[in-house]
Each structure stands twice: as C-alpha cells, then as structure tokens.
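In this note's numbering, the protein residues as written are 13 to 395.
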C-alpha cells in the first residue's frame, strides 16, 4: 500500500504564498477529491463508488473494517433496547459515527494506547475491549471499571479534553522506554475549544511525542452546533499553530479514515511526532439516550446525513466490488448478533456489586486512606 504523510494544509491553500509541506503521490492524487468533498480526504463516495483519490486497503482489510463497524452498530442499537428495558444505564449513542471510530482504532496494535471519550465505545470495541465488560461499564458495575491487563484502553473519559494531555504523557513514556508504541486520543469538536486540547498539541509537538490526536467533528457539542462554538471551518488547521501535521478526512468513509490514521500512526512510530486528524462526521443520534435533540436542532440540520451512512456506504462498495454477497453479509450479521447475545449473558451473570468495590481500581496499591474507607464501609455493612 502506498505510504503517505498527512499534510497540514488543504489543497486550496496551495495557491497562497506560503509553501505547504512536501507531500507524496497519494495526497497529490487526492487533491481533486479534497476539493469536491469540502477539503476532505475521501476514497469512496456516499454511494460506495471509488473516487480514485488513492489506493484502497486490501480486500481482507475492507471486510475486517466492515465486520467491526457492524459489531459497533449492533452494540449501539441493542444498547438502546437494553436502556429502555432498564438493563443498561444512560450511555451516549454513536450510531452514524462508526467509520470515524473503527477506521481510527483499527490502525492501532494491541500494544498502543487508546484514550476514548464517553462516545467512543466503538473505538474501544475495535481495539479489543470485550463486549461483556463494556456492558458492565455502562451498567456502572465494578466488573466494567477495570480494563483487561493486555489492553491499554483507558476508561471512557467524561470530563472534556482531559484525555489529550494524558495521552501525550503515555506517548512520552513509551518514547522514553524506547518502544515504537503510540498513544491515540479522541475529542469532539466542542472539546477542541478547551485549553487541554491546545496545551496537549503544543506539548506533543515540542517534544515529538508519538501521539495521534483524533478530533471527531460531529457537528454538536451537546446542544451547541459547531458553527456557534467556533468560527473555524476547518479544525484540522489548528495543527499548524503547533507545527504539527493536520489532515481533514471524510469521517463517514472508513477506508479514508483508516488510510490517513494508519499513515499518522506509522509516522509516529518512526519518531516523526504527532498528527491531528479531523474526522468530519455527524451525530445523528441524541447526545445520550436520555437526551431530546428535537429541542435544539431541526430536520434541516439533519438533512442529507442518512444518505452518508458509513455502514451502508462500505456495504455498497463491497457489493459493487464483488467482495461480499447478501448471503455472506447475512452470515456476518448472525455472527455479530450471536457474539453480542453471548456477551450479554456473561454480563448478566456478573454478581451484584458490593459497596466496598467502589474503592477498587483507584490505585494499583490501596493507599492508607482507601484502606480506612474500606474498613468503614465493611463495618457499616456488618452493623
């Protein structure tokens, strides 16, 4: 596959006096696609046809990405049902953003770090977080509070943007240890207005941290549209202020998202520093399952996004290319559903949480204060 380096300037800026960073053939060939798609890198159009902007991943990778997107969407859809049944707590749905999450996380290895926001369940599942443990997390059960020892996924961050500086610290730790591992952190468009976002980019750029920053521009910061919370129209250009590459990609095109993220990850592994990737997508679902988006957005805001559905886009492409049939997809969907139901049974079998468990997983070794608090809880339970 052609190797390319994300660039910090869109093709429209090439007419300016300032010279853009050097690019290779893949991004030069994509100039037309950027212009046609609003300065976004794109490999397949919403109808699944190939844009000709660059080399596609191999068929096996395309099928694997589709499998992961179907797993993520099934979790999101079943999560709504479980919430209404009282079997899952409030959680932020991510349906419609599968390409942004799967395409980025799929570029990592099991040795890399993932710092997700509360909406990035799809990314965590893609890297390997077990479904049963994920369900337990959104049930606020202690069985979901800790991550598998062989997986460097942080618990879903609720505070906005704090994960960005944390990811830089993890990346610098890996660099100091002499590994080739990278750290990937997610943020929303609203989070890019937080101080932590800017501090992290400056910190990572100055020290060449092997970090990949994913900025998911889904159009909304809870009830505030992107156009209201910032006058910037291309958030990837914020990378220029910190001397690092930035790239804007169609976040509903999983092949394009995977392509630019894989290049950024490999760039970080080579010791060439961080990259900011803006994935342009849309939050078609409410902020959380308890939210009513009709109170702050209209049908006009949502218009056109159903036609850009990332899962259906890749499905159309795979069908057009003869890589998948209706029968093979039906078998895949059954496999995904069976996997989820088995994980749900596992999560249902977890024992009820005990009050003292709230103190577990705070530190590797309990502090004296935590030990005293545990003793107090246990004594009150036995009173």
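Glycine included, C-beta positions come from ideal geometry on N, C-alpha and C.
Outcome for residue i when other beta-carbon atoms lying within 10 angstroms are tallied against a minimum of 16
i           : result
residue 162 : exposed
residue 156 : buried
residue 257 : buried
residue 191 : exposed
residue 127 : buried
residue 107 : buried
Collapsed DSSP secondary structure at residue i in the structure displayed
i           : result
residue 366 : coil
residue 331 : helix
residue 67  : coil
residue 169 : strand
residue 358 : helix
residue 206 : coil
residue 9   : It is not possible to answer for residue 9, since the shown part of the chain is limited to 13 through 395.
residue 379 : coil
residue 44  : At residue 44 the pLDDT is 43, less than 50, meaning the model places this residue with poor confidence; the figure from the coordinates comes in the next sentence. The answer is helix: DSSP assigns residue 44 an H, G or I state.
residue 93  : helix
residue 194 : coil
residue 244 : coil
Bridge partners - residue i, DSSP secondary structure assignment
i           : result
residue 200 : 228
residue 53  : 261
residue 323 : Residue 323 pairs with nothing; no bridge assigned.
residue 296 : BP columns for residue 296 are empty, so no partner.
residue 233 : 236
Residue i versus residue j - alpha carbon distance
i           : j           : result
residue 325 : residue 377 : 48 Å
residue 239 : residue 173 : 19 Å
residue 114 : residue 129 : 14 Å
residue 382 : residue 393 : 16 Å
residue 336 : residue 379 : 54 Å
residue 125 : residue 395 : 44 Å
residue 102 : residue 147 : 11 Å
residue 150 : residue 244 : 34 Å
residue 54  : residue 62  : 9 Å
residue 118 : residue 77  : 8 Å
residue 252 : residue 180 : 18 Å
For residue i, the first and last residue of its enclosing alpha helix (DSSP H)
i           : result
residue 277 : 266-281
residue 150 : 143-150
residue 238 : 238-241
residue 180 : 175-189
residue 396 : No answer is possible for residue 396: it lies beyond the span of the chain, which begins at 13 and ends at 395.
residue 314 : 311-314
Extent of the continuous beta strand (DSSP E) run through residue i
i           : result
residue 260 : 258-262
residue 4   : Since the displayed the chain opens at 13 and closes at 395, residue 4 lies outside it and no answer follows.
residue 288 : 287-292
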